[in-house]
Structure formats: C-alpha cells, structure tokens
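Asker: The opening position of the sequence shown corresponds to residue 1 in UniProt numbering, with each subsequent residue numbered one higher.
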Amino acid sequence: MKKLQSEDALAELELQLEESTKALDKKNSQVIARNNTIKRLEMSLAEKEKLLSEMEKLPKEPNLRAKEELKTLRRRLVQADKEREEARELLAKKDEKLEETTQELQKVKNDNDEKSAKFLRELQDARTDLDEVKEDTKKRHEQIQSLKEKLDSQYLKNACLQTQLENEKRGLQEKENAVQEAKKELSVARSASAIEVRRYQNEIVPGLEKKVKSLEEEILYNSERVKEVEVKLVQESSEACSRLEKRNEEIEQKVKEVNKLRENIKTLDQEKFQELDKAWQEMMSMQKTIEERNKTIDELVQNLRDATLEQGNSAEETQTVTDQLKSERKKMRVLAEQVKSACEEKSSLEESLRLVKSDAGKDKEIIANLQKVLKEQDQTLMEQGQAIDERQSELETLSTELQSWQEKCALTSKELEKKKEEITSVKKQALVASDETRRMETKMKDMSSKQESTELNASVRLEKMEDEIRKLNQDRASLEAQLQKKDEEIRKGSDSRDNIMKTMREALEVGKAHKAEYEVKLSTVKEQCRQESKREMDEELRRMKRDFQRQLQEIKNGKDSVVNALAAERMETSKTDSSASTKESVVKVLATERTETSKTDSSASDPDVTDSTDLRSSVSRSNQARALKRNSSEITLAELKNQLSASKARKTGDSDEEFTPGSVRKTRSRVSTKKAGRSSSSCSSSKWTTPAAKVEILPTMDETEPSKAESVAEKIKLFKDLQENMSSAGEENDKNSVQPNEGRENVPPKTSQSTTKKRKKLFQKPSIAALLSPATFTGSREAKTEQDSTRNIITRQLRPRAIKYN
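#1: Given a cut-off of 8 Å, decide if Leu-45 and Ser-494 are closer than it, judged by their beta-carbon atoms.
#2: Is Lys-232 buried or exposed, if buried means 16 or more other CB atoms sit within 10 Å of its CB?
#3: Is Met-465 buried or exposed, if buried means 16 or more other CB atoms sit within 10 Å of its CB?
#4: Smallest Cα separation from Asn-473: which of Glu-12, Ala-11, Glu-19?
#5: Relative to the C-alpha of residue 857, which residue among Asp-125, Asn-259, Arg-34 is closest?
#6: Less than 8 Å between C-beta atoms, sequence neighbours within five positions excluded: which residues of the same chain meet that for Glu-181?
#7: Please say whether Ile-500 and Arg-76 have beta carbons closer to each other than 8 Å?
#8: Should Met-447 be labelled buried (16 or more other beta-carbon atoms within 10 Å of its own) or exposed?
#9: Under 8 Å, do Glu-376 and Ile-144 count as touching if we go by C-beta distance?
#10: Keeping to the same chain, check which residues put their C-beta closer than 7 Å to that of Glu-657; ignore five residues upstream and five downstream.
#11: With a cut-off of 8 Å on the beta carbons, I'd call Leu-483 and Ala-87 a contact; round off their distance for me.
#12: Just the Cα atoms here: how many angstroms apart are Gln-235 and Gln-124?
#13: Let me make sure I understand the geometry here. Which of Glu-239, Arg-476, Val-525, Arg-546 has the alpha-carbon closest to that of Lys-27?
#14: Thinking just about the alpha-carbon of each residue, which of Asp-467, Arg-530, Asn-36 is nearest to the one in Gln-16?
#15: So which of Ile-38, Arg-121, Glu-14, Gln-164 has the shortest CA-CA distance to Asn-222?
#16: To the nearest angstrom, how far is it from the Cα of Glu-252 to the Cα of Ala-159?
#17: Compare the C-alpha of Arg-140 against each of Asn-557, Arg-247, Ile-38, Leu-261 and name the closest.
#18: With C-beta atoms as the reference, is Val-255 less than 8 Å away from Glu-168?
#19: If you measure between the beta carbons of Leu-479 and Leu-90, is that distance less than 8 Å?
#20: Whole-angstrom Cβ separation of Arg-461 and Glu-104, contact assumed at under 8 Å?
#21: Roughly how many angstroms lie between the CA atoms of Gln-403 and Arg-225, to the nearest whole one?
#22: Any idea if Asn-110 is buried or exposed, counting beta-carbon neighbours within 10 angstroms, 16 or more meaning buried?
#23: Can you have a look at Met-544 and say buried or exposed, based on whether 16 or more other CB atoms are within 10 angstroms of its CB?
#24: Does the distance from the C-beta atom of Arg-470 to that of Leu-73 stay below 8 Å?
#25: Any idea if Ala-117 is buried or exposed, counting beta-carbon neighbours within 10 angstroms, 16 or more meaning buried?
#26: Measure the alpha-carbon distance for Glu-539 versus Lys-526 and round it to whole angstroms.
Shown next, in the form of structure tokens:
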C-alpha cells in the first residue's frame, strides 16, 4: 500500500511539473511576443525620428518641447532595454535551475519505474493463476444454471397441461348438467297426462329438438377440441421424450467434464506443489498471490455449499412433483368413477327410454337421436379414458427418470465431498506456506522501511524543488508585471510622440496656408503701394515745379511784402486748422488700427476668410493718406517760410507744445510701426507663421521713371544740400515730434530682439536722392538761401510713410 501511495504521490508531482513547464512555456511565448512588439515599436520610433530629422531640415523654428520629449523617450527606451536584458539573465538562470530539478526528478522516476516494473511482473503472474481458477468456477456455475433453466421449463410445461385438463373437465361437467336437465324434463313428460303429452308434442317437443340439436353441435365442437388437445399431448410427449434423451446425453457429457475437471484439479494440485517449491525462493513476489488464492478457495467452498443447498432444493422440488403426480392420479381415478356412474345413468336412461317407447310410439325418433348422442358421448368418454391411461404411463416414466436423477445427484454430492477433503488438505498446505510467508513479510517490512526512507528523502527534495519553482514563478510574474508597465510607458510615449507629430504636421499645413495668404496679400499691397507712390510722386513733383515757378515769378515782380502779410494771416489760420486736422487724423488712425487689429485677430482664428476685407481696408487707408497729403501740399511757399521762422523761434522756448506739419506724418509712421510690431510679435509668438523677408516697398525713381534718367544727373547737385539739411532736421524733429498726450498711445509694445530687427529690416528708409527729382534752380544767392528752409519742409512732407500690413 505504501508503494502505491508513493507512486500516486510521484504521479501527482509529475503532473504538477508538467503543468508548471506548460505555464513557463506559455509565459516564454508571451515574453517573446512582447519583445517582438518592443522591436516593432523601436522600428516605428526610428522611422519617426527619421521623419522628424527631415522635418527639422525644413525652414522653420525649432520645437524644443518635441526634442525634450524625444530625449525622455530615448532614455526610457534605454532603460527598458537594460531591464529587458536583466530579466533575460534572470530567466536564463531560472531555466538552468529548472533543468537541474527535472534531471533529478527523472532519476527518481527511473528508480521508481524499475521497482514498479518488478512489482507489476509479480502481480501479473499471480493474476494469471487467479484467472484460471476463476474460469473453472465460472464454467461450473454456467452448467448448474443451465440445469436449473431446463427444470424450470419442464415445470412450466406441466402447468400448461394441467390448465388444459381442467378446462376439459369443466366442459364435461356442463354436458352432464345438460343431460340431467333433459332427464328431468322426460320425467315431467311421463307424469303428465295424454293431454299434456299432446301439448308436449305440439309445444315442447320442437324446443327440445332445438336444444338437442344445439347439444349435438356443442358435442361436435368439444370432440374437435378434444382431438386437438390429444394431438398437442402427442406432440408434447414426443418433445418430452426427445428432451429427455438430450438431457441424458448432456448428463453423460457433464460426467465426462467432471472427470476432466478432476484430472485438471490433480494437475493444478501438482502445479501448486511446484509453485510452493518455487515460493521458497520467490516468496517476496508470491505473498499476495497466495492470499488471493486462499480467498478464491473460500469462494469455491461457498460455491460448493451453495451447490449442495441447491441440490437439496432440487430434491424437495422432485418430492413436490411426485406429490403432484399422486394427486393427479387420484383425480384420474375420480374421473373414472364418474365415467362409470355416467354409464350406469346411461343404462338407466335406456331403460327409461324403453318405457317411453311403450307409452308413446311417436317419440321413437327423439329417443333414437338421444341414443345416437349417448353413443357418441360413450365413444368420447372411452377415448378420454385411453388418453388418461397414456398420461398415467407417461407420468410413471417421468417418476422413474426423476429417481434416476436423484441417484445421480447423490453421486455428485459424494464427489463434491471428496473434493472438499482435497481442498482442506490444500488449505493445510497453504497455512504452512503462510507461516513461511510471514517470515518473509518481516524481511519485506525491512525493505519497505528502507524504501520509505528513500521516498521520504525524495519527497523532501521534491518539496524543496517545488518551493524553488514557486519562487521562480513569482519572480517571473513580477518581471512580467514590470515589463507590462514598461510596455505601457512606451505606448504612452509613442502616443504622445504621435500626437506631437500630428500637431506639427497640422501646424505646417496651417503655416503653409497662412504663408500662401500672406504672399497673396503682400503682392496685392506691393502693387497698391507702387501705384499710390507713383501717383503721389507725380503729383508732388508737378506741385513742386509749379511752386518753384511761382516763387521765381514773385521774386522777379517784387511782391515780398504782400506775401509776408498773407503768410502771417495764413499762419494763424493754418495753426488752428493744422491742430484740428492733426487731432482728427490721429483719431482716424487709431480707429483704423483698432479695426485692423480686430480683423487680423479674426483672420488669424479663421484662415478661410477672403481677402476682400483686406483690400477694402488698404483702399480706405490709401484714401486717408491721399487726403492728408493733399491738405499739407496745398500750403504756399510764403506760408511755409513763415511756419519755418515761427518754428525756429518756438524751438528755443517750448518745443513740446507745438510741432511742424511734418510731425503729423511722424506720429502716423510711429503708429504704423506700433501696429506692425504687434502683428510681428503675434506672428512670432505663434508657431504657424514665419517672418517675412526684407521687402523694398517703395520703388526708386529709376524704376518708376526710366525716361527721366538724364535729367536726374543734372539735378543731383541741387539736392545734396537738401539731404544734409533733412538729416539734421529729421533728428531734431524725431526727438520733439511726439506730443505728451499721445506718447502713451504711440509707444510700441515690448517685443523680442528678433521682432525689432525684422521691423527695422521691413521699414528701412529708401534713399531720398532716388525718390526726388526737383526742377533746375535759376536765381540769385539770396533766393537760394530763402528756399533752403522751404526745401527742408518739403523733404519732411515727402518722407516715406510706414505701410500697414494686414
């Protein structure tokens, strides 16, 4: 039993090891799959890095956040690779430990398999012996059952025959009752008078005739049934004879088989003695077989006892059968007596019929019919008596056969007793062998104790190995959890990187769209500026020529006094007008700037807005600029001289209160630069737009008027002095041109260095020599000195205006 328990424990351990190996294989496959996914992610990251490097080569500002995130992702990847390598090393160590444990387990399995193979061989030898004994006992049981079944079939057939005889008896009794009723009616007819006889003949005789006919038909039907029953009895008797013959043959065969069994038992006994001789050498292997044989012998004894009980029961059953036969014989005798009484009654009826013949001659026919019927009944009764005699003879033969069977059963019981004696002798020998086996059992116990000690040691080792396996599994689970976390981090990093790439791509697309819109707007603004600058320059040049011609004519005519008076009056009026006009122009500029800022914000938020609003705003600005320029250019030279003298006098005093008409343009330029600074700062703060390149907005005179290139060379000398005076006057006016109330509004916002540099590049002043082409000057030196101041004013008015971009 201990060996079996140890084998079960080893089997369970093997199953556990197989399950653990399967689980480890699954986890290894999962780790491999995860490594493959990590490699795929690394490949995808490498591709994305390539794309980023290509995107960085494009002309745009560097994205520091994306770079920092890339650095963090690379660090995480490096850490994940290191942790993966550590996990692989741990798994390799654990796999080596598992291989060592599996080798030790295989050694233990091999030892147990060798021991179990020896034990199984011994068990197989014992089982073969037991199977042979069991087959012999099964054959005997089958023979006994077949005999029982045959006896049961015979009992059933006898019962069927008895029921048929009872039915026939009932039919005969009914017929006898009918005959008695007929006799009673005849007696009543005899006692009646002649009148009653006549009535009887007329009324009752036909009814009696009908009843006689019906009785005759019933007698015929009964005779046919009796014949059928007789045929069946003959057939059954023949079948019974054949069955008895077969049974005799079977009994002879069984006797032969019993003899063979005796011989087999003798041979078995000899083989058992030989096996007992061998048991002295191989008692370790035959211990359990002897015990099982003892059990089988006890079962055989019980089977023999059962067989004896069954034989006693069969003897009792034969006695009951003989009792039944005796009762049947008594019944047949009673039937014979009844037949004799019926014959006697028949004779009495014949006598009565004779008397009736003497009394009534007409009833002869009826009596003849009755006689016929009685004769037929006599014949049937005779036949039934013969059949009954035959049945009695058959029953006697059966009783003789039963007696022979009883004798045979007694012989078999004697043989069984002999076998019991032989079995007792075998039991004694088995007891002697069992004593010897007990001695060997002590040796077996010693061996089993040693085996148990070895098995305990092996079980302790297995438990230790299981603990180590559990620890390894736990470590592996923790490593897998860490790998999962790292996988999640890598996924998050990849998702964030994908999102950054998407945003960058969207920003590039939006920047490209804005760039295209900006280029379109720039092209439209450039064209408008060129056209406006051409028109303004043409108009101003014409006016300058006209003014120069007027001044020359006035100087020639000597109208300086009148001009001075008019200039004084005009200066007073121009001051009031200029102050009002400057205020109105400043308000208009601020309103336009606010509207433009709102438009720029809406256009930045909605890039799909059309360029119609920009064109309208640019047209309105150009119209305002034209109006201002026209108002400043309509002043005459005398008035300009007076303004110059007044301005020089006021510079010594309060230079901040009043300013020249050119200062209005200065504030306008500063307001425009302020707006340009805001737009450039907003563009620099967003990532979607790029700074515009340097654009020369105002064209030169060489480009606008190539036909006047010859006249420009002659007039350059005249305007050298104008440039010097303009530079000095421009610096002074730049310092004092801003009013105290307007300082806060026109101060540009704080922007980065890059935006200021870009503004300077955008709004560089073109050379005045290329812009201006005045007419030739002819006159005295005094007139030339007087006109220097006027030239300064004119140059201030003709300074380039800062163009506002949308």
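Beta carbons: idealized from backbone N, C-alpha and C, even for Gly.
Answerer: In this structure, then:
#1: By one-based count along the sequence shown, residue 494 stands at place 494. By one-based count along the sequence shown, residue 45 stands at place 45. Yes. Within cutoff.
#2: Residue 232 sits at position 232 when you count from the first residue of the sequence shown. So Lys-232 counts as exposed.
#3: Along the sequence shown, one-based indexing puts residue 465 at 465. Looking at its Cβ environment, which holds 16 or more other Cβ atoms inside 10 Å, Met-465 is buried.
#4: Here residue 473 corresponds to residue number 473 of the sequence shown, with the count starting at 1. Among Glu-12, Ala-11, Glu-19, the Cα nearest to that of Asn-473 is on Glu-19.
#5: The first residue shown for the chain is 1 and the last is 806, placing residue 857 beyond what the model contains.
#6: In the sequence shown, counting from the first residue as 1, residue 181 sits at position 181. There are no such residues.
#7: For this step, residue 76 is matched to residue 76 along the sequence shown. For this step, residue 500 is matched to residue 500 along the sequence shown. Cβ atoms of Arg-76 and Ile-500: not closer than 8 Å.
#8: Counting from 1 along the sequence shown, the entry for residue 447 is found at position 447. Result: exposed.
#9: Translated into positions along the sequence shown, residue 376 becomes position 376. Translated into positions along the sequence shown, residue 144 becomes position 144. Cβ distance not < 8 Å, so Glu-376 and Ile-144 don't count as in contact.
#10: Position 657 of the sequence shown, counting from 1, holds the residue named residue 657. Note that Glu-657 scores a pLDDT of 44, beneath 50, so its modelled location is shaky and nothing firm can be said.
#11: Residue mapping note: residue 483 aligns to position 483 of the sequence shown, counting from 1. Residue mapping note: residue 87 aligns to position 87 of the sequence shown, counting from 1. Separation of the CB atoms of Leu-483 and Ala-87 is rounded to 7 Å, and the pair is thereby assigned contact status at 8 Å.
#12: Position 235 of the sequence shown, counted from the start, is the residue given in the question as residue 235. Position 124 of the sequence shown, counted from the start, is the residue given in the question as residue 124. Cα to Cα, the separation comes out at about 55 Å.
#13: Within the sequence shown, numbered from 1, the residue matching residue 27 stands at position 27. Nearest of Glu-239, Arg-476, Val-525, Arg-546 to Lys-27, Cα basis: Arg-476.
#14: Residue mapping note: residue 16 aligns to position 16 of the sequence shown, counting from 1. The option with the nearest alpha carbon to Gln-16 is Asp-467.
#15: By one-based count along the sequence shown, residue 222 stands at place 222. Nearest option by C-alpha distance: Gln-164.
#16: Taking the first residue of the sequence shown as position 1, residue 252 is located at position 252. Taking the first residue of the sequence shown as position 1, residue 159 is located at position 159. Rounded to whole angstroms, the gap between the alpha carbons of Glu-252 and Ala-159 is 28 Å.
#17: Residue mapping note: residue 140 aligns to position 140 of the sequence shown, counting from 1. Taking only the C-alpha atoms, the option nearest Arg-140 is Leu-261.
#18: Residue numbering aside, residue 255 sits at position 255 when the sequence shown is read from its first letter. Residue numbering aside, residue 168 sits at position 168 when the sequence shown is read from its first letter. No, these two residues do not count as a Cβ contact at 8 Å.
#19: Taking the sequence shown and counting its residues from 1, the one referred to as residue 479 is at position 479. Taking the sequence shown and counting its residues from 1, the one referred to as residue 90 is at position 90. Yes; because the gap between Cβ atoms is below 8 Å, this pair is in contact.
#20: The residue given as residue 461 occupies position 461 in the sequence shown. The residue given as residue 104 occupies position 104 in the sequence shown. Confirmed, about 7 Å.
#21: Position 403 of the sequence shown, counted from the first residue, corresponds to residue 403. Position 225 of the sequence shown, counted from the first residue, corresponds to residue 225. For Gln-403 and Arg-225, the distance between alpha carbons rounds to 35 Å.
#22: Here residue 110 is taken as the residue at index 110 of the sequence shown, counted from 1. Counting Cβ neighbours within 10 Å, Asn-110 comes out exposed, since fewer than 16 surround it.
#23: Indexing the sequence shown from 1 puts residue 544 at position 544. So Met-544 counts as buried.
#24: Against the sequence shown, residue 470 aligns to sequence position 470. Against the sequence shown, residue 73 aligns to sequence position 73. The answer is no: Cβ separation not under 8 Å.
#25: The residue given as residue 117 occupies position 117 in the sequence shown. Per the 10 Å Cβ criterion, exposed.
#26: Reading the sequence shown from its first residue, position 539 is the one you call residue 539. Reading the sequence shown from its first residue, position 526 is the one you call residue 526. Each residue's Cα considered, the two are about 20 Å apart.
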